Every structure is written in structure tokens, then in C-alpha cells.
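Q: Chains as they are written, first to last, in our numbering: chain A, 203 to 566; chain B, 57 to 300. All C-beta atoms, glycine included, are put in the ideal place defined by N, C-alpha and C. Just so it is clear, the structure is predicted and the values come from calculations on it, not from any experiment. Quick one: this structure, given as C-alpha cells, is what I'll be asking you about.
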């Protein structure tokens, strides 16, 4: 009796174990098998496979397993037809695009199925506007992310600048030699901005507008007013706050608050420091190096003479060494003028007290 | 500015029943009016520029055109005030060359002694109020405070208006200093006028002689006994001279 029960228990466990094994194998096979992928590759693995468009351009139809191996989609078991929605069987339905670009522009719409938020953001971008305006070279999803080899876009971080470089190569070259670009590319720095930190990712806006310009100081302040981050590099974090007190900064603050869409010339960070080519002030090539400062000022103040640069307090607090005139003026209005005023006020108060006492005595 | 002609006029005044004495010339009265008007306009067009980040300022300066306009008004009022300063100094120089410049407004050692005596009086340490001449030390202090205040405002204002020109021969560091001084001195001047000047001429007593040009006998005797004595030859009664 006891042995029979033991056998039944063993059988139940065995069946349970088998179910577990089988279900594990089944789920695992779903990730790895890529049944349609294998089926498609049986033709598309051919390196010579291509199609010719009516205008004579050709497009390689070769998709290699090596390429797919890096694709984040393939790794997650997403099959070919997830994107190639119109192709379900062989022979494939006829497609009638005039050239390869037309085909790309039609295909990227399938990204929306899964990535609708970023897809919509991208549709608000300057790139989407350029495309709408007829520039067929304006990038769509696949131009930046790739198609069959989509991988994590920011690993390593240099990938981002490299992606933008494909079209914006001149700006990339400027950026590469800047303090930011140099630290990114040569030191693999994790803190310096890459293109997308300033320009945004999918909803990249036109950086030439009044609005972008007026928001520049806050953009730079995002890092340069961050005390913890700046102290890591021995940089002051009060540059933004001191800028806000300056003529330029106060003007810009008013325009930002009141008239963000009206173009205003008062200098923002990039007017003096440069945009993609920013260098530290002690670099002789920097636009804010003492050697080059006057010509930088002259961009807006063309008649300024050599003494002019002395007017700039250089994001520094008032100090006797750097700004003696300001220092003594500040001293005068911090101590002497208030002292004289207080003396005057106290004198008047004494007069009022005396007059009141006099009146009181007379009435007694 | 006492001269023979003025003394004759004053003697004529003595004959009238309601005796009052000429205290300011027509020119001086006009100068005061011009200073009041330009100063007020400068203040009200300057403050919104000083406090541009506040909401009340941004309500007034609601468009960039208004900012431009308020600056232009400020500049026009400044030109008027500068013209007044030039006239004031020019006329003083003219009198100086003619050897007619009166020393009445210049501070003397007596003023410091008067001030010390006045403070003792106000602190109930002395019963004697100092006897003053034509201008007491309070009035001289007013004049010179405003004189140097306007001087600072005019110089720093011009530097801010024409910074490129001034940095051709002056160091650039004066520009931020001028900005700080212009903006601070304006507030100092306003506080001074509201407390000191308004108290002494409207609260302590209503003294409108800078507008009317005249001060009556009673007030002359009470507040400027030495000058009263000089004009009339009469010795003011001791209690009115400050014996109270």
C-alpha cells in the first residue's frame, strides 16, 4: 500500500517535471528559433541579391546573419514581417517605388507600431519639417538607427556624435576639436555633452530660432551651474548666476520671460564662447582667450577699442584684483553712502522727536 | 549772491507793511523747477530699467518698443538736466570771474560747529539752538549732497550712454562701476530727498521760498537770524535766535 502511494507521488512529480522542461524548451525556442528569419535568410543571405529601380539605381537585398546578430530586434525575437508588413509569402508582392530613397521613406512608418512616442516626437522635429519641405535626404528613423542592424544608439556614447556626423560632418569636425568633443572622443568622458544633450533626441528643433537662442543660457547652465559636476573639473558653478546679473544676462532674461519669439542680440553664452568649437578660456585658440576677446566683443560692438574688454567682469565676483573700479564703487555704496543716509535719517528722526516733545511741553 | 542792487531791493522791501525778503532770484527758481521736472522724469524712467526683472517693471515695459521709448525719454530728460548743470556751473564761473560769486553756499567751519550744537540741542543736551545765516548747514548739506549726486549721475550716465567713446581713453573697468554707481546713487538721492529735503521744507515748516522767491520777515527772523540782522540791522530777539 505504502509502495503504491510512493510510486503515485513519484509519477506526479515526474509529469510535473516534464511539463516544466517542455514549457521551458518551448518558450526558449520562441526566442531563438526566428523561424521566419531563417526562412527569409535562405534567400536574402545571398550577397548578390539586389533589385533595380525604374531610375536605374540598385538596392542590395542582402541581409546577413552577422548583421542580424547585432540587431536588438532580432535578439528579442522580433521577426522580419514585424517591419516588412506587406511581405507575407514568396513570391513577394510587387512593389513600385521609383528609387531606393522612396522605399526607405515608405518603410520607416512601420517603426510607429512599437515606438509611437518617439515616432511622434520625430515628426515634430526640424528633420521632419525638412522632409515635408521636400528635402528627401532629411533623416528618418532608419537613417540614424539603421535598419537590419538596429542597436543601442548610445553605447558607447561616441556613437551618437558619429551618427550625426553622417550628415553634419563639418559640425562634427568643429565639435571634435572642442573641449567637449575632445573629452568625449579621446577620453570617453561620460559628462560632456554629445549632440543630443543640447539639441534633443527625436524632436530636434531648429537651433537658429529666437526661442532656441534665448534658452541657450539655461541649456548651458544645466551643466555649468551644477556645483557637483563642475567641482569635478575644477570649474566655477556660479558663472550662470553672475551672467544673469550682467547687462547681457538681464536683457536676455527679460526677453526669455516676455518675448521669447522676438530675436534679440544681447549676448548669450554661445555668442562669446562659440557653439560647437567651445574651448577653455586659457586655450590660445579660444574666442574668449584674452588675446581674442576684443575681436569677439567687436562682433557686436564693432567700434570698441582695446580698453573695452576691461568692461567685462568675466563671470567673476567683484574683487580688488580683477575689478578695482567696481570694487571701490561697491565699497562706497555698501558703506559710505548708506552711512551718510542713515545719519541724515537719524538726524531727521531726532528733529521729529524734539519737535514733538516741544509741542507736548507747550500744551502742558 | 548779495550785491549792491540786491541790497537796495531788500531795503525797499523794508518799507512795505507785510515785510518779506527776496531769497532766491528768478533764475534760481527756474533752475529748481527744471531740476525737479527732469529729476522726476529720470527717476520714473530709470526705476523700471533698474528693476527690469520685476513684474511691475515688465508691466510698464510691456514691449521692446516701450523699452526703447523709455530710454529715449530718459535720455531727453538727461540732456535737460545736463544743460541745467552746465548753466549752473557756467553762471557760477561767470560770477566768479566778475568777482561777484557769493560764498554763502560754501561750507565753513561754523557749519560744523552749528551741526554739533544742533545735535546737542536735539539730544536735549543743550537748550541753545544755533543761530543761522542765509543758508543753514542743513540747507548747505542738501545743496552739496544733490550737487555731487547729480554730478555722479551725469558722469556715470554719460559713460553708460556712450561706453565706446569713454573707453577710448578710460579703462574698461569704469563701465560696470558706472552702472553700479548710477543705479545705486539714484536710490541714495531719492531716499535723501524723501527724508531730508521733504522733512525740512514741508513738514518742519512749509518753506516754499524756492518757488516764490521770498521768505517773510517772521520766518527770516526765526530760521535765519544772522542773515536777518545783516539785512535789516535789527537784532533779532534772543529767544527767536535760538534761546529757547
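From this set, 264/A, 545/A, 555/A, 363/A, which residue's C-alpha is nearest residue 171/B's C-alpha?
A: 545/A
Q: Buried or exposed: where does residue 212/A fall if 16 or more other Cβ atoms within 10 Å of its Cβ makes it buried?
A: exposed
Q: Less than 8 Å between the CB atoms is what I'm expecting for residue 510/A and residue 503/A, so what's the real figure, rounded?
A: Taking 8 Å as the upper bound for CB-CB distance, residue 510/A and residue 503/A are in contact here, some 7 Å apart.
Q: Work out the CA separation of residue 540/A and residue 75/B for me, nearest whole Å.
A: 42 Å
Q: Distance check for residue 352/A and residue 232/A, CA to CA, integer angstroms please.
A: Residue placement at residue 232/A cannot be trusted, given a pLDDT of 45 that sits under 50; the coordinates are not used to answer.
Q: So, is residue 512/A buried or exposed, given that buried needs 16 or more other C-beta atoms within 10 angstroms?
A: buried
Q: For residue 333/A, which residues from the same chain have a beta carbon less than 6 Å from its beta carbon, with the 5 sequence-adjacent residues on both sides left out?
A: Excluding residues within five positions, the ones whose Cβ falls inside 6 Å are 340.
Q: Express the C-alpha separation of residue 193/B and residue 138/B in angstroms, rounding to a whole number.
A: 26 Å
Q: DSSP state of residue 178/B, grouped into three classes?
A: helix
Q: Can a CB atom of chain B be found closer than 9 Å to the CB of residue 562/A?
A: no
Q: If you draw a straight line from the C-alpha of residue 525/A to the C-alpha of residue 497/A, how long is it?
A: 21 Å
Q: So does the segment 285–303 of chain A actually touch the segment 367–387 of chain A, counting three or more Cβ pairs closer than 8 Å?
A: no
Q: Does chain B have any CB closer than 9 Å to the CB of residue 554/A?
A: Under the 9 Å criterion on CB atoms, residue 554/A is classed as interfacial with respect to chain B.
Q: Check each candidate in 308/A, 508/A, 359/A and name the one with the smallest Cα separation from residue 338/A.
A: 308/A
Q: Could you check whether the Cβ of residue 117/B sits closer than 9 Å to any Cβ belonging to chain A?
A: yes
Q: On the DSSP bridge assignment, give the partners of residue 78/B in chain order.
A: Looking at the DSSP assignment, residue 78/B forms a beta bridge with 270/B.
Q: With 9 Å as the threshold, decide whether the Cβ of residue 522/A is near any Cβ in chain B.
A: No, residue 522/A lies away from the interface with chain B (no Cβ there is under 9 Å from its Cβ).
Q: Quick one: give me the first and last residue of the alpha helix (DSSP H) that residue 261/A is part of.
A: That residue, residue 261/A, is in no alpha helix (DSSP H); its beta strand (DSSP E) goes 260–262.
Q: From residue 79/B to residue 269/B, what does the alpha carbon distance come to, in whole angstroms?
A: 5 Å
Q: Applying a beta-carbon distance threshold of less than 7 Å, which residues of chain A neighbour residue 124/B?
A: Those within 7 Å of residue 124/B in chain A number zero; the least Cβ separation is about 12 Å.
Q: Going by DSSP, which residues form a beta bridge with residue 254/A?
A: 260/A
Q: Secondary structure at residue 435/A, three-state DSSP: helix, strand or coil?
A: coil
Q: In whole angstroms, what is the alpha-carbon distance linking residue 178/B and residue 201/B?
A: 22 Å
Q: DSSP three-state call for residue 574/A: helix, strand or coil?
A: Absent from the structure is residue 574/A, since the part of chain A shown begins at 203 and ends at 566.
Q: Using a Cβ-based criterion (distance less than 8 Å to any ligand heavy atom), does residue 351/A qualify as near the ligand PLP?
A: No copy of the ligand PLP occurs in the structure displayed, which carries no ligand at all.
Q: Kindly give me the distance between the Cβ atoms of residue 130/B and residue 101/B, rounded to whole angstroms, as I take these residues to be in contact under 8 Å.
A: 4 Å
Q: How close, in whole Å, do the beta carbons of residue 528/A and residue 232/B come, if the pair is a contact with beta carbons under 8 Å?
A: 5 Å
Q: Span of the alpha helix (DSSP H) holding residue 296/A?
A: No residue range can be given for residue 296/A, since it is assigned to no alpha helix (DSSP H) and is classified by DSSP as neither H nor E.
Q: Please tell me whether residue 280/B has its Cβ less than 9 Å away from any Cβ of chain A.
A: no
Q: Can you pull the chain A neighbours of residue 248/B, defined as C-beta to C-beta under 7 Å?
A: 543, 546
Q: Considering just the uninterrupted stretch of the alpha helix (DSSP H) at residue 341/A, what are its terminal residues?
A: Residue 341/A -> no alpha helix (DSSP H), and no H or E assigned at all.
Q: Consult DSSP for residue 124/B and reduce its assignment to one of helix, strand or coil.
A: helix
Q: Helix or strand or just coil, what does DSSP make of residue 188/B?
A: coil
Q: Please state if the CB of residue 370/A and the CB of residue 265/A are separated by a distance shorter than 9 Å.
A: no
Q: Going along the segment 132–162 of chain B in order, which residues come within less than 8 Å of chain A, judged by CB to CB distance?
A: Answer in chain order: no residues at all.
Q: Determine, using beta carbons only, whether residue 366/A and residue 343/A come nearer to each other than 9 Å.
A: The answer is no: Cβ separation not under 9 Å.
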